[in-house]
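Have a look at the structure below before the remarks.
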Amino acid sequence: MEPPLSPAIQLDANKRCFIDFQGPPFAQDSDRNSIAVHQASAVLTGMLPSEWFTNKTVFIGAEYDGNQDLHQTPFSSARYGHALTPGVEIHANALATLERGRSVRVPHSWLLFVFMLGLLVMTVERNSNLAAAGIITAILVCAYVLGAFLYFDRTSLALPLVPAVAASLLCYVSLAVHRALTEGRLKRWIKNTFQMYVSPEFVNILAKDPDRLVLGGEEKELTILFSDLEGFTSLSEVTASKDLVAMLNEYLDSMTGILLEHGGTLDKYVGDAVMAFWGAPILQGDHAGRAVRAALAMADASARLSGQFERAGRPGIRTRFGLNTGRVIVGNIGSRTRFNYTVIGDEVNLASRLEGANKTYGTNLIVSESTRRLAGDTFRWRELDLVKVKGRETPVRIYEVLSDAFQTGDAFLKAYTPSLADFQARNWQKAMAGFEESLKIRPDDGPSSMYLERCRLYMHDPPPDNWDGVFVMKTK
209 MEPPLSPAIQ
219 LDANKRCFID
229 FQGPPFAQDS
239 DRNSIAVHQA
249 SAVLTGMLPS
259 EWFTNKTVFI
269 GAEYDGNQDL
279 HQTPFSSARY
289 GHALTPGVEI
299 HANALATLER
309 GRSVRVPHSW
319 LLFVFMLGLL
329 VMTVERNSNL
339 AAAGIITAIL
349 VCAYVLGAFL
359 YFDRTSLALP
369 LVPAVAASLL
379 CYVSLAVHRA
389 LTEGRLKRWI
399 KNTFQMYVSP
409 EFVNILAKDP
419 DRLVLGGEEK
429 ELTILFSDLE
439 GFTSLSEVTA
449 SKDLVAMLNE
459 YLDSMTGILL
469 EHGGTLDKYV
479 GDAVMAFWGA
489 PILQGDHAGR
499 AVRAALAMAD
509 ASARLSGQFE
519 RAGRPGIRTR
529 FGLNTGRVIV
539 GNIGSRTRFN
549 YTVIGDEVNL
559 ASRLEGANKT
569 YGTNLIVSES
579 TRRLAGDTFR
589 WRELDLVKVK
599 GRETPVRIYE
609 VLSDAFQTGD
619 AFLKAYTPSL
629 ADFQARNWQK
639 AMAGFEESLK
649 IRPDDGPSSM
659 YLERCRLYMH
669 DPPPDNWDGV
679 FVMKTK
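If you're matching positions, the sequence shown starts at 209 in this note's numbering and goes up one per residue.
So, in structure tokens, the structure goes:
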């Protein structure tokens, strides 16, 4: 019959247990509770009193230079000079383990410890960059190893070290490889997709911080710009094809450079027309202001190009702009084989209609009320009208952006603004007098001339009593 063992003695399937070694081989570390070793000559010569053997178990074995009965133990490390332990001391430690009733134990669920540490490392690393993930991994591994040693010293329970550390390092290496592959592929995709739409600086920003991307057909508030060359059809009829292409390329190069400088995204060219937007793929809180500044700069550049063309014997040009701010769908839209990063929605159509509205008012830069409100008072505005554009039932108040080149601005606006209020109040005669006064200051002002004609029309054929001041546009 086998003697009963302490529950703290853990046997494996072959009824073996790990020895709880008390310390390094004799004389290597006197501070540890090592097995006491004495030479046989000390007993024979009486140097060791017989009382010393009372209630003790004595093992007799060989321990000398050249002894072959030497073995590695957990204490055969560099700290102890890689010392080997004689077999007799191993036997003594084995008996001491049984007498104390506590062997070195390995948790049955040691794989759970490995899994939990690996899961912890992966969870912490997911939202960290590689450098931070490396530091976090090192801290977690060191903390685990230190905790395992302290826990072993107190309980003789040996938590898995090599598998746990290996699992943690494998998680980090896997993360590094995965990010190298996915982020590298993402950066290449970003550059290939957006280098034709936004400036190189913005492409680099997107590549470094892909989280700033707005993709996937999301609904966002953006500012959309449409521009078009006035009379391009007539221009193409009187200009040789080669010269026309050269003029158009020079013009589009200038317009595109300006809108990219102001953080815009080039959507597309449609002949001489340019479509662009602000607020995606990079989020911009000041997208309306950026768009207005870009439009003003593009108008100035167009005027300079017109002068250059005329001095070279070519026809001059004039560009019209329409801007609107609203919620649109933005993302990659198209077929499986060919797509375009673009915007769609009713607010996009409104921006296009506002560009065309310049023909009615004799202006070159019209914005919606939403754009004016978001762009703020850093720009000079004048109200133009309350209109229903073609294809849209909801009326929108529209404004003209006044450039720095707008001369006699204050005096002109003092005449124009109250005249518009009189017109909206159906005071036709008073409004006519005001618009005539504004035309004396700016004889070529399109809106004043247009309102003067409306006043004359309404004096002979007034609108109905329920007229709400809305002008319905019949053309695009």
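Backbone N, C-alpha and C fix where the C-beta goes; we use that ideal spot for every residue, glycine too.
Trp675 in three-state terms, based on DSSP: In the structure shown, the three-state DSSP call for Trp675 is coil.
Using the beta-carbon count (16 or more within 10 Å), is Gly530 buried or exposed? Around the Cβ of Gly530, a 10 Å sphere holds 16 or more other Cβ atoms; the residue is buried.
Report buried or exposed for Arg263, applying the criterion of at least 16 other Cβ atoms within 10 angstroms of its Cβ. For clarity, residue 263 is Asn in the given sequence; the question names Arg instead. Per the 10 Å Cβ criterion, exposed.
As assigned by DSSP and simplified to three states, the class of Arg535: Strand at Arg535.
Alpha-carbon to alpha-carbon, Glu458 and Asp612: Looking at the two C-alpha atoms, the distance is approximately 24 Å.
Can you tell me where the beta strand (DSSP E) with Arg662 in it begins and where it stops? The continuous stretches of beta strand (DSSP E) do not include Arg662, which lies in the alpha helix (DSSP H) extending over residues Gly654 to His668.
Express the C-alpha separation of Arg393 and Asn337 in angstroms, rounding to a whole number. C-alpha separation (whole angstroms): 17 Å.
Can you name, in chain order, every residue of its own chain whose Cβ lies under 8 Å from the Cβ of Leu377, other than the five neighbours on each side? The answer, listed in chain order, is Thr345 and Val349.
Would you check if there are 3 or more beta carbon pairs closer than 8 Å linking the segment 490-500 to the segment 443-456? The count of Cβ pairs closer than 8 Å, one atom from the segment 490-500 and one from the segment 443-456, stays below three, leaving the stretches out of contact.
Roughly how many angstroms lie between the CA atoms of Arg519 and Asp461, to the nearest whole one? Taking the CA atoms as reference points, Arg519 sits about 20 Å from Asp461.
Have a look at Val500 and Pro670 and give me their C-alpha separation to the nearest angstrom. Counting only the Cα atoms, Pro670 lies some 36 Å from Val500.
Using 8 Å as the limit for Cβ to Cβ distance, is Tyr666 near chain B? Considering every chain present, this structure includes no chain B. It has just one protein chain.
Between which two residues does the alpha helix (DSSP H) harbouring Met463 extend? Element bounds for Met463: Ser449 to Glu469.
Taking contact to mean at least 3 C-beta pairs separated by less than 8 Å, is the segment 547-554 in contact with the segment 504-516? Verdict: no, contact absent.
So, helix, strand or coil for His386, using DSSP? Correct three-state label for His386: helix.
What first and last residue would you give for the beta strand (DSSP E) that runs through Val597? Unbroken run through Val597: none, as it is neither H nor E.
DSSP on Lys682, reduced to helix/strand/coil? It is coil, neither helix nor strand.
Starting from Val575, trace the alpha helix (DSSP H) both ways and give me its first and last residue. In the DSSP annotation of this structure, Val575 is not part of any alpha helix (DSSP H); the continuous beta strand (DSSP E) holding it starts and ends at Leu573 to Ser576.
Looking at Lys476: is its Cβ nearer than 8 Å to the Cβ of Asn557? In this structure, the beta-carbon distance from Lys476 to Asn557 does not fall below 8 Å.
Out of curiosity, what's the CA-to-CA distance linking Ile537 and Lys638? The straight-line gap from Cα to Cα measures roughly 45 Å.
Asn241 by DSSP, collapsed to three states: which one? With a pLDDT of 47 at Asn241, under the threshold of 50, the predicted position of this residue should be treated as unreliable, though the coordinate-derived value follows. In this structure, Asn241 counts as coil in the three-state DSSP scheme.
Report the residue from Ser646, Asp630 and Glu409 whose alpha carbon sits nearest the alpha carbon of Leu621. Minimum Cα distance to Leu621 is reached at Ser646.
Taking 8 Å as the threshold (C-beta atoms), are Phe631 and Tyr659 in contact? In contact: Tyr659 and Phe631 (Cβ atoms closer than 8 Å).
Quick one: residues in its chain with C-beta nearer than 6 Å to the C-beta of Lys684, no 5 flanking neighbours on either side, listed in chain order? Counting only Cβ-Cβ distances below 6 Å, and skipping sequence neighbours, we find Gly564 and Lys598.
Note down the Cα distance separating Cys225 from Glu271, rounded to an integer number of angstroms. Separation of Cys225 and Glu271 (C-alpha to C-alpha, rounded to the nearest whole angstrom) is 25 Å.
Report the three-state DSSP secondary structure of Leu430 (helix, strand or coil). Assigned with DSSP and collapsed to three states, Leu430 falls in strand.
Can you look up Asp480 in the DSSP assignment and give me helix, strand or coil? Looking at Asp480 - three-state DSSP - the assignment turns out to be coil, as it is neither helix nor strand.
Distance, Cα to Cα, Arg650 vs Lys596? Roughly 27 Å separates the two Cα atoms.
Looking at the secondary structure, which residues open and close the beta strand (DSSP E) in which Glu307 lies? Note, Glu307: premise wrong, no beta strand (DSSP E); alpha helix (DSSP H) at Gly295 to Arg308.
With a CB to CB cut of under 6 Å and the five nearest residues on each side skipped, what residues in its chain are close to Gly570? Closer than 6 Å at Cβ, skipping near neighbours: Gly654.
Below 8 Å on the Cβ atoms is my contact criterion, and I expect Ala372 with Leu325 to pass it. Report the Cβ-Cβ distance as a whole number of Å. Rounded to the nearest angstrom, the Cβ distance from Ala372 to Leu325 is 5 Å, consistent with a contact under 8 Å.
Short of 6 Å in beta carbon distance, which residues of its chain neighbour Ser435, apart from the five on each side in sequence? Order them along the chain. Closer than 6 Å at Cβ, skipping near neighbours: Val482, Thr527 and Phe529.
Under DSSP, the alpha helix (DSSP H) around Ile343 begins and ends at which residues? Under the DSSP assignment, Ile343 falls in the alpha helix (DSSP H) whose first and last residues are Leu338 to Thr363.
Arg498 versus Ala559 - alpha carbon distance: In this model, Arg498 and Ala559 are separated by some 16 Å (Cα to Cα).
By alpha-carbon positions, which one of Phe440, His495 and Arg588 ends up nearest to Leu467? Minimum Cα distance to Leu467 is reached at His495.
Between which two residues does the alpha helix (DSSP H) holding Glu555 run? Per DSSP, the continuous alpha helix (DSSP H) segment holding Glu555 begins and ends at Asp554 to Tyr569.
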